[in-house]
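Undergrad: In mature numbering (1 follows the signal peptide of the UniProt record, and there is no 0), the protein residues as written are -18 to -1, 1 to 115.
Ideal Cβ placement from N, Cα and C applies to all residues, glycine included.
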Amino acid sequence: MLGIRVGIIALFVLQAYCFDDEVLELAKMVRESCAEETNVDISLVEKINTGAGLTPDPVLKCYIKCTMETAGMMSDGVMDLEVVMTLMPDDLKNKHGAGLEACGTQKGADDCDTAYLTQVCWQKTCKSDYFLI
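1) If we count the other Cβ atoms within 10 Å of its Cβ and call it buried at 16 or more, is T100 buried or exposed?
2) Expressed to the nearest angstrom, what Euclidean distance is found between the alpha-carbon atoms of I(-15) and L114?
3) Per the contact definition of three or more C-beta pairs closer than 8 Å, is the region 95 to 110 in contact with the region 36 to 49?
4) Please return the same chain residues whose Cβ sits closer than 8 Å to the Cβ of K47, not counting the five positions on each side in sequence.
5) Between the alpha carbons of Q88 and K10, how many angstroms are there, rounded?
6) Taking only the alpha-carbon atoms, compute the straight-line gap between T20 and T68 and give it to the nearest angstrom.
7) Let me check one thing: in DSSP terms, what residues is V60 bridge-paired to?
8) Taking N76 as the reference, give the member of G54, D111, G90, C44 with the closest Cα.
As structure tokens, then:
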């Protein structure tokens, strides 16, 4: 039941940013799949979505990697910024695109760490609009 509630909250957050229906459906699928695959404590994701900083939890790091790879934003430990920009609504792209480009791929000890460090940079760059799916 908690998973359903969290998924609904996540979709409301995404809808607030004017994502189209296709992206919303992708986000829902990615979130459910990666939460199940990694056994992430979804309350960590929700804390981040309410403004908390990213925590260096190993399971959260791999959840982030899973979401980014599943959505096509990361492959072999490298961000695909073109895909990231394609998934973003124009208003967020215009507001944060340059900052996300400046972050690039923040290399870590492994792909989970790379995804996490890149998201840390994104969170600093886009603090007011930052969220995880």
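TA: According to the structure data:
1) So T100 counts as buried.
2) Legend: pLDDT at I(-15) = 35, less than 50; position of this residue unreliable, no value from coordinates given.
3) Yes, the region 36 to 49 touches the region 95 to 110.
4) Once the five neighbours on either side are set aside, the close Cβ partners of K47 are M56, D93, C94, T96, A97, Y98.
5) The alpha-carbon atoms of Q88 and K10 are separated by roughly 26 Å.
6) Answer to the nearest angstrom: the Cα atoms are 26 Å apart.
7) DSSP output for V60 lists S57 as bridge partner(s).
8) The option with the nearest alpha carbon to N76 is D111.
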